[in-house]
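Note that the numbering used here numbers the sequence shown so that position 467 is 1061, with each residue one more than the last.
Ideal Cβ positions, reconstructed from N, Cα and C, are used throughout, including at glycine.
Okay, so here's the structure we're looking at.
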Amino acid sequence: MADPAETEDLWRLMLQHSPIGMAVVQLDGRLLMVNRALCEMLGYAEDELVQHGFQDLTHPDDLDADLALFHRALAGEIDSYRIRKRYLDAQGRVVWGDLSVAVLRDADGDALHFISQVLDVTEQRANEERLEAVTAEVDRERQTLAAIFDTVNVGLLLIGPDGRYERMNRRHADTLRRPFPDGHEGEAGQLGHVYFPDGKTKMTREQMPSYRAAQGEEFDDYNYWVGADPATWSAFSTSARQVRGPSGERLGAVLAYQEITDLMRAIQVKDEFVASVSHELRTPLTSVLGHLEMLGERDDLTDGATAWLRVVHRNAARLQALLSDLLLIGQVADGTLELHPAPVDLRTVVDEAVEAVRVVADQSDVTIRTEAPATLPVVADGQRLRQVLDNLLSNAIKYGRAGGSATVGLRQVGADVELAVADTGMGIAEQDREHVFGRFFRGGEAIRQHLPGTGLGLSIVASIVEAHGGTVTVESELGRGSTFRVALPGAIVEQH
Ligand code: ADP
């Protein structure tokens, strides 16, 4: 058994060096003994702290709760209690403490002292408050996003890195039955009633937007029809973006589905209208031109009548050219554009095209240059390539500058042919550049300057070049000029 004096020393040592605030409290609440941790916690020297009672060290708002327990302990109802409460330190600052109190009683059970231990939890409390604030903010954000997710009139789908459907909004769930009337398995690439804009070609698994997105692709404005019956089907335009984690790992993809049925139907109606009008106009116009030619052969016309006749003929010929453009556009739209490839000398095609615009070029004071080999035999649809050149050259003159030039360049690169038409004219504004090959598109400057045109020329160029398996691109600088480049891969075929 240890010496009692030694034991007391040990206890005192432990009390003084404990990291937990400790006090022996008298029955009136005054602090009889305090340790160093409690002094540090409350910012008092030991001799100052023992002048206080716990009542005036406690935050007024927490005092009642503490006193109630204190009195119950005093009355013998309980032997100990715990409470989290606020103290006020020497500077009047709030200190949070976890207080445990035990009652020391005499042999009769009357209370002698209270032993209090206080753990400073101010920092923990501040962290908890910060965490609560952040959690509340995250919750609010999540609720806002969930509301937006379900309110937008765009279908939204989130797919995981394995291609499984993870989440979709109400809008997408509502429209999913149209392509998949028998239900969807929740996995990217399931085949359904999904057709390309031509309304005929069904999408394969690899072409399905969800499959492409699941493979890591990103795209915009991927348009298609969905539904089993063309009379009631709907059209969608879909975009996809990849979702990545902080270190760039793929977490999945998000798809946005916008319904564009009205727009696609309007385009369809426009195409049908253009096709039928141009078809209907062709026969009477051919008759008009035929009769004009017969009239032109008569020798009993006055000079005035002959001059008028020439004007009528020129305009009827322009109408015919416009009609054949419209017919070609119609063939491209319904996929019936046919090429008739045959051996042809591209240099000759270029020379004939240049010759045909010579008069107009002279009138506009645009010099035409040709940079081409003496001959360049290819296998291609010569008539269609002539149309490409006609359109590019007439644009180079129409959008050219008086005193400027238009240069046709032709060269062979291996088995490929590169054709370029460059002008020194007005150039194309950046925002117009990506649209110039679109059907009926006319540039802002062309409209402002009232330059005549239908917006079909470059669309025809692009369709013919694409039908040859080639590409056409444009480089342009506003006010300096434009260069259109046509690449025809594999046009050169060795002739033995
Ligand atoms: P159109 O000439 O009948 O308007 P196109 O399809 O040939 O139709 O051209 C579309 C638009 O592209 C034109 O309206 C014009 O704004 C622009 N464009 C085409 N070629 C040129 C060019 N060489 N220089 C400047 N702008 C051009």
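| Check | Outcome |
| --- | --- |
| LYS794 and GLY929: beta carbons closer than 9 angstroms? | yes |
| I want to know whether the segment 634 to 645 touches the segment 677 to 697 - three or more CB-CB distances under 8 angstroms. | yes |
| On the three-pair Cβ rule with 8 angstroms, is the segment 709 to 720 touching the segment 612 to 620? | yes |
| Identify which residue in SER1057, SER674, ASP597 has its Cα closest to the Cα of ASP919. | SER1057 |
| Could you name the residues that DSSP lists as bridge partners for PRO971? | ASP939 |
| Rounded to whole angstroms, what is the Cα-Cα separation between VAL697 and ASP658? | 19 angstroms |
| Less than 9 angstroms between the C-beta atoms of ALA1000 and ILE1054, yes or no? | no |
| Under the three-state reduction of DSSP, which class applies to TYR675: helix, strand or coil? | strand |
| Taking the alpha carbon of LYS992 as the point to measure from, which residue in GLY1075, ASP704, HIS646 has its own alpha carbon closest? | GLY1075 |
| Compare the C-beta of PRO654 with all C-beta atoms of chain C and state if any pair is closer than 9 angstroms. | In the displayed structure, chain C is absent; only one protein chain is listed. |
| For LEU609 and ASN629, what's the separation of their Cα atoms in angstroms? | 6 angstroms |
| Alpha carbon to alpha carbon, how far is ASN985 from ALA911? Give it in angstroms, no decimals. | 16 angstroms |
| For SER612, which of helix, strand or coil comes out of DSSP? | coil |
| So, helix, strand or coil for ILE742, using DSSP? | helix |
| Do ASP1026 and the ligand ADP come close, with the Cβ less than 8 angstroms from some heavy atom? | yes |
| Which residue from ARG892, VAL871, ASN721, VAL906 puts its Cα closest to that of TRP882? | Trp is not the amino acid found at residue 882; the sequence shown has Val there. The option with the nearest alpha carbon to VAL882 is VAL906. |
| What separation, rounded to the nearest whole angstrom, lies between the Cα atoms of ARG624 and GLU722? | 32 angstroms |
| Taking the DSSP output, what are the residues bridged to SER1070? | SER1076 |
| Is LYS1049 a contact residue of the ligand ADP, with contact defined as CB to any heavy atom under 8 angstroms? | Going by the sequence as given, residue 1049 is Gly instead of Lys. GLY1049: yes, Cβ under 8 angstroms from the ligand ADP. |
| Could you round the C-beta distance between GLU781 and ARG764 to whole angstroms and report it? I think they count as a contact, below 8 angstroms. | Incorrect: roughly 21 angstroms between the Cβ atoms, too far for contact. |
| Just the Cα atoms here: how many angstroms apart are ASP597 and GLY703? | 27 angstroms |
| Examine the Cβ distances between the segment 799 to 806 and the segment 821 to 829 and report whether three or more of them are shorter than 8 angstroms. | no |
| In three-state DSSP terms, what is PHE708? | strand |
| Determine, using beta-carbon pairs with one atom in the segment 892 to 903 and one in the segment 850 to 861, whether at least three such pairs fall under 8 angstroms. | no |
| I'd like the ranges of any beta strand (DSSP E) spanning at least 3 consecutive residues and lying wholly in the segment 757 to 789. | 759 to 762 |
| Going residue by residue through the segment 950 to 1004, where are the continuous beta strand (DSSP E) segments of at least 3 residues, counting only ones entirely within it? | 961 to 965, 971 to 974 |
| Pick out whichever of GLU1071, HIS787, THR1067, GLY1073 has its Cα sitting closest to the Cα of ALA1081. | THR1067 |
| Among the residues of its own chain, which have a CB less than 7 angstroms from the CB of VAL982, if the five just before and after it don't count? | VAL1055, ILE1058, VAL1059, VAL1080 |
| Should the segment 836 to 849 be regarded as contacting the segment 745 to 756, the criterion being three or more beta carbon pairs within less than 8 angstroms? | yes |
| Excluding sequence positions up to five away, which residues of its chain have a Cβ less than 8 angstroms from the Cβ of SER828? | THR769, ARG772, TRP819, VAL820, GLY821, GLU853, THR855 |
| Roughly how many whole angstroms lie between the Cα atoms of ARG952 and GLU932? | 30 angstroms |
| How would you label ASN989, buried or exposed, when you count the other beta carbons within 10 angstroms and need 16 or more for buried? | buried |
| Beta carbon of ALA1085, beta carbon of VAL1011: below 9 angstroms? | yes |
| Does LEU651 come out as helix, strand or coil in the three-state DSSP assignment? | helix |
| Quick check: what's the CA-CA separation for PRO967 versus VAL944? | 11 angstroms |
| Could you compute how far the alpha carbon of VAL954 sits from the alpha carbon of VAL960? | 9 angstroms |
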